[in-house]
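Undergrad: Sharing a structure, written as structure tokens. Questions coming.
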Amino acid sequence: MSGFNVVKGFLNLEIADSEWLAVFEQLRAQPATAPVAAGGPRRVVVEYSSPNTNKPLHLGHLRNNFLGYSVAEILKATGATVSKVNLVNDRGIHICKSMIAYQRFGHGETPASAGLKGDHLAGKYYVLFEKHYREEIKQLEAEGVAADIAKKQAPLMAEAQQMLQAWEAGDPAVKALWSQMNGWVYEGFDETYKNIGVDFDKFYYESGTYLLGKERVAEGLATGVFFKKENGSVWVDLQAEGLDEKLLLRADGTSVYITQDLGTAELKYQDFGYDSSIYVIADEQNYHMQVLQAALKKLGKPYAEAIHHLSYGMVDLPSGKMKSREGTVVDADELVRDVVAAAKAATLEKGKTEGLSEAELEELYHMLGLGALKYFLLKVDPKKRMLFNPEESVSLEGHTGPFIQYSHARIAAIRRKAAELGIAETADWSSITQLEATERELVQELARYPAVVGEAARNLSPAVVAQYAYDLAKAYNRFYAEVSIFQETDAARRSLRVALSARVGEQIKASLGLLGMQVPERM
RNA sequence: GGUUGUGUAGCUCAAUUGGAUAGAGCAUCUGACUACGAAUCAGAAGGUUUAAGGUUCGACUCCUUACACGACCA
Numbered sequence: 164m165s166g167f168n169v170v171k172g173f174l175n176l177e178i179a180d181s182e183w184l185a186v187f188e189q190l191r192a193q194p195a196t197a198p199v200a201a202g203g204p205r206r207v208v209v210e211y212s213s214p215n216t217n218k219p220l221h222l223g224h225l226r227n228n229f230l231g232y233s234v235a236e237i238l239k240a241t242g243a244t245v246s247k248v249n250l251v252n253d254r255g256i257h258i259c260k261s262m263i264a265y266q267r268f269g270h271g272e273t274p275a276s277a278g279l280k281g282d283h284l285a286g287k288y289y290v291l292f293e294k295h296y297r298e299e300i301k302q303l304e305a306e307g308v309a310a311d312i313a314k315k316q317a318p319l320m321a322e323a324q325q326m327l328q329a330w331e332a333g334d335p336a337v338k339a340l341w342s343q344m345n346g347w348v349y350e351g352f353d354e355t356y357k358n359i360g361v362d363f364d365k366f367y368y369e370s371g372t373y374l375l376g377k378e379r380v381a382e383g384l385a386t387g388v389f390f391k392k393e394n395g396s397v398w399v400d401l402q403a404e405g406l407d408e409k410l411l412l413r414a415d416g417t418s419v420y421i422t423q424d425l426g427t428a429e430l431k432y433q434d435f436g437y438d439s440s441i442y443v444i445a446d447e448q449n450y451h452m453q454v455l456q457a458a459l460k461k462l463g464k465p466y467a468e469a470i471h472h473l474s475y476g477m478v479d480l481p482s483g484k485m486k487s488r489e490g491t492v493v494d495a496d497e498l499v500r501d502v503v504a505a506a507k508a509a510t511l512e513k514g515k516t517e518g519l520s521e522a523e524l525e526e527l528y529h530m531l532g533l534g535a536l537k538y539f540l541l542k543v544d545p546k547k548r549m550l551f552n553p554e555e556s557v558s559l560e561g562h563t564g565p566f567i568q569y570s571h572a573r574i575a576a577i578r579r580k581a582a583e584l585g586i587a588e589t590a591d592w593s594s595i596t597q598l599e600a601t602e603r604e605l606v607q608e609l610a611r612y613p614a615v616v617g618e619a620a621r622n623l624s625p626a627v628v629a630q631y632a633y634d635l636a637k638a639y640n641r642f643y644a645e646v647s648i649f650q651e652t653d654a655a656r657r658s659l660r661v662a663l664s665a666r667v668g669e670q671i672k673a674s675l676g677l678l679g680m681q682v683p684e685r686m
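Written out as structure tokens, the structure is:
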């Protein structure tokens, strides 16, 4: 301690610079990626992405995927064992709609013959279904049929309903088409997942869990925690929990979303024995998730308490909410192409990438474009609804991913030069008693890292890490502008500045890594 | 109608979970590249934190009511 003062009832203690140097030494004893102790749940399952197989991924899925992946990485960084799982919604009326339209209008088209990714092909037929279905409704209404009846009577919808029943009955032809189209979709999803840098330890399929869910419903009926209405439908009464009566199984015995959720929760528990099961699902499902947890509690399942809904806000466009019917959905693949193209244009304009091969350049554009997009979607508190501004999302300046990546590239250049000049990143700094303000701030910023990761893990909020990475890069840029590294004549101080740079670079890399972002050596 | 979330600068977001003069970016204006990378840095301007009460040494944060927007359940 080197001094103190009192301001407005606060006692301020001043920590001596020698202490800050000691703090820095201590930090350097551990690699930047070393796990931080945070004492949260140890075995965690993070379920995210969870797409429907009737159309390609869109902007909303991107927020979901980036959040899920990042939360998993953050929890790993606190020493937890984390499993990432994807529950694919591969059955239901929506799939049948694509299938019916394909049967009718597809003429045997395949992704290869159409030159389309499989998920986009399925999406094309889903759109076609909706289009013709709407026309049929209009037609019926023109004939004097009431709107709600027209919706049910339209031939296309009737066909789709029939197909769903045939599917549940195991009709071989329907199953074959279903397998074929879903197979195409999975190939498409796989490509997108690779492209956006997310992955999963295990996939679950609703078609493989809904029967188990039905068993649980039967179990609840048997033990009397669920009840049957006169028409044969099964319900759970959650009025005591402040909820409502909730349908668990339709009168015709077909399952609803929550039916299979009951099964999937159990399968995940069998597979991973989790202390915490995180569901990354948009906040429009808040009620649904409460019902799921309450129903599992009624069944007396030990894992009911472990369920945690990471409820995130929807992504709005400047024009308002995304609506597939109005064609305002932002396609994920297209968006990624756009941000990568923008990063490429900016990089070419800067012209600082000499010596990189064509392949390295492509990798760089991808790293920067995707970095901009991920950072844009992750810097906002997950629980808040957010606005997606296309222009801002491809921006590479200011509070953006590439701003932080740039700091890393700059540091990489410093390290290359230091190596060239033979300046060691480790040395005896005992001669240094006074730090420059920007040096001190940098050490303070570096030292916050474990607390930041801990907070991000507690709050399941990548935004905390995103903000930190930005603050660290910002502090470094100030330092960089303020002091000279290679013009410094004092050898100890020169090596300290190189060491500070190196450590900042490593912590930027570690922090962005928690967000699923990579860092370039030059850009 | 019921439940619930959000409301901070022109715009997009922060605020160490109740602490000091509410901070960044974008946009606007000014300055800094023949010193290590200007995708940067320094500065100016921009705020009655939706409104009104309350709790206390202290409130963007907690409580009550109202308003606005969204989501869900009927």
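Under this note's numbering, the first residue of the first sequence is numbered 164, with each subsequent residue one higher.
Heads up, the beta-carbon is just placed ideally off N, CA and C, and yes, glycines get one too.
Owing to the predicted nature of the structure, the values given are computational and were not obtained by experimental measurement.
(1) Helix, strand or coil: which one does DSSP assign to ASP586?
(2) Expressed to the nearest angstrom, what Euclidean distance is found between the alpha-carbon atoms of VAL661 and VAL682?
(3) Which of the three DSSP states is assigned to ALA243 in this structure?
(4) Using a threshold of 9 angstroms, state whether the C-beta atoms of ALA123 and MET477 are closer than that.
(5) What did DSSP end up calling ILE567 once you bin it into helix, strand or coil?
(6) Out of curiosity, what's the CA-to-CA distance linking ARG656 and GLU684?
(7) Please give the ranges of any beta strand (DSSP E) in the region 646-683, keeping only runs that are unbroken, at least 3 residues long and fully inside the region.
(8) Indicate the three-state DSSP secondary structure (helix, strand or coil) for VAL606 in the structure shown.
(9) Beta-carbon within less than 7 angstroms of SER396's beta-carbon, same chain only, minus the 5 sequence neighbours each way: which residues are those?
(10) Go through the region 281-349 residue by residue and report every complete run of the alpha helix (DSSP H) that reaches 4 residues or more, in order.
(11) Take the Cβ of GLU408 as the centre, count every other Cβ of all protein chains shown within 10 Å, and call the residue buried at 16 or more, exposed below.
(12) If you check the beta carbons only, do ASN217 and GLY286 fall under 9 angstroms apart?
(13) Just to confirm the assignment, what range does the alpha helix (DSSP H) spanning TYR367 have?
(14) Could you pull the start and end residues of the beta strand (DSSP E) that ARG206 belongs to?
(15) Roughly how many angstroms separate the alpha carbons of ILE258 and ASP496, rounded to a whole number?
(16) Hey, quick one: how far does the beta strand (DSSP E) through GLU408 stretch, first residue to last?
(17) From VAL308 to GLY223, what distance separates their C-alpha atoms?
(18) Rounded to whole angstroms, what is the Cα-Cα separation between SER261 and MET344?
(19) TYR612 lies in the alpha helix (DSSP H); which residues open and close that run?
(20) Using DSSP bridges, identify the partner residues of ASN252.
(21) Around the C-beta of TYR450, are 16 or more other C-beta atoms found within 10 angstroms, so that it is buried, or is it exposed?
(22) Would you say ASP494 and LEU663 are within 9 angstroms of each other, going by their C-beta atoms?
(23) In three-state DSSP terms, what is LEU155?
(24) Report yes if the CB atom of PHE649 is closer than 9 angstroms to the CB atom of LYS580, and no otherwise.
(25) Between VAL361 and the rest of its own chain, which residues show a CB-CB distance below 6 angstroms, the 5 nearest in sequence each way excluded?
(26) Hey, would you say TRP347 sits closer than 9 angstroms to LEU284, going by beta carbons?
(27) Between the Cα of ALA590 and those of LEU184, PHE167 and GLY166, spot the shortest distance and give me the residue it belongs to.
(28) Tell me, please, which residues DSSP counts as bridged to SER221.
(29) Please state whether DSSP places VAL502 in a helix, a strand or coil.
(30) Tell me which residue opens and which closes the alpha helix (DSSP H) that HIS471 is part of.
(31) Along the chain, where does the alpha helix (DSSP H) containing ASP180 start, and where does it finish?
(32) Reducing DSSP to helix, strand and coil, say where ALA381 ends up.
(33) According to DSSP, SER418 sits in a beta bridge with which residue or residues?
(34) Let me know the secondary structure DSSP gives PHE390 once reduced to three states.
(35) Would a C-beta distance cut-off of 9 angstroms place GLY426 and THR372 closer than the cut-off?
(36) Do the CB positions of GLN448 and HIS472 come within less than 9 angstroms of each other?
TA: So, to answer that:
(1) The question names Asp, but residue 586 is Ile in the sequence shown. DSSP, read as helix, strand or coil, puts ILE586 in coil.
(2) The alpha-carbon atoms of VAL661 and VAL682 are separated by roughly 19 angstroms.
(3) Looking at ALA243 - three-state DSSP - the assignment turns out to be coil, as it is neither helix nor strand.
(4) Outside the shown range of the chain, which is 164 to 686, sits residue 123, and nothing can be said about it.
(5) In the three-state scheme derived from DSSP, where H, G and I count as helix and E and B as strand, ILE567 is classed as helix.
(6) Across the structure, ARG656 and GLU684 are spaced so that their CA atoms are roughly 25 angstroms apart.
(7) As far as the region 646-683 is concerned, it has no whole beta strand (DSSP E) run of at least 3 residues.
(8) Three-state DSSP puts VAL606 in a helix.
(9) Excluding positions up to five away in sequence, the list reads LEU410, LEU412, ARG413 and ALA414.
(10) The qualifying runs are 281-305, 310-316 and 318-331.
(11) Counting other Cβ atoms within 10 Å of its Cβ, GLU408 stays below 16 and is therefore classed as exposed.
(12) Yes, these two residues count as a Cβ contact at 9 angstroms.
(13) No alpha helix (DSSP H) contains TYR367, which is instead part of the beta strand (DSSP E) from 365-368.
(14) Residues 206-210.
(15) Rounded to the nearest angstrom, the two C-alpha atoms are 21 angstroms apart.
(16) Its beta strand (DSSP E) spans residues 408-412.
(17) Rounded to the nearest whole angstrom, the C-alpha separation of VAL308 and GLY223 is 36 angstroms.
(18) Near 9 angstroms, if we compare the C-alpha coordinates of MET344 and SER261.
(19) Run containing TYR612: 612-622, per the alpha helix (DSSP H) assignment.
(20) For ASN252, the beta-bridge partners assigned by DSSP are ASN215.
(21) So TYR450 counts as exposed.
(22) Contact flag unset, no.
(23) Given a span of 164 to 686 for the chain in the structure shown, any question on residue 155 remains unanswerable.
(24) Cβ distance < 9 angstroms, so PHE649 and LYS580 count as in contact.
(25) The beta carbon of VAL361 lies closer than 6 angstroms to those of ASN228 and TYR232 in the same chain, with the five residues before and after it left out.
(26) For TRP347 and LEU284, yes; Cβs fall inside 9 angstroms.
(27) Ranked by how close their Cα comes to the Cα of ALA590, the residues LEU184, PHE167 and GLY166 have LEU184 in first place.
(28) In the sequence under discussion, the amino acid at residue 221 is His, which differs from the Ser named in the question. Paired residues: ASP494.
(29) In the structure shown, VAL502 falls within a helical segment according to DSSP collapsed to helix, strand and coil.
(30) Under the DSSP assignment, HIS471 falls outside any alpha helix (DSSP H), being part of the beta strand (DSSP E) whose first and last residues are 470-475.
(31) That run of the alpha helix (DSSP H) goes 180-191.
(32) Three-state result, ALA381: helix.
(33) According to DSSP, which records beta bridges pairwise, SER418 is partnered with LEU412.
(34) DSSP places PHE390 in strand when its eight states are reduced to three.
(35) The beta carbons of GLY426 and THR372 sit closer together than 9 angstroms.
(36) The answer is yes: Cβ separation under 9 angstroms.
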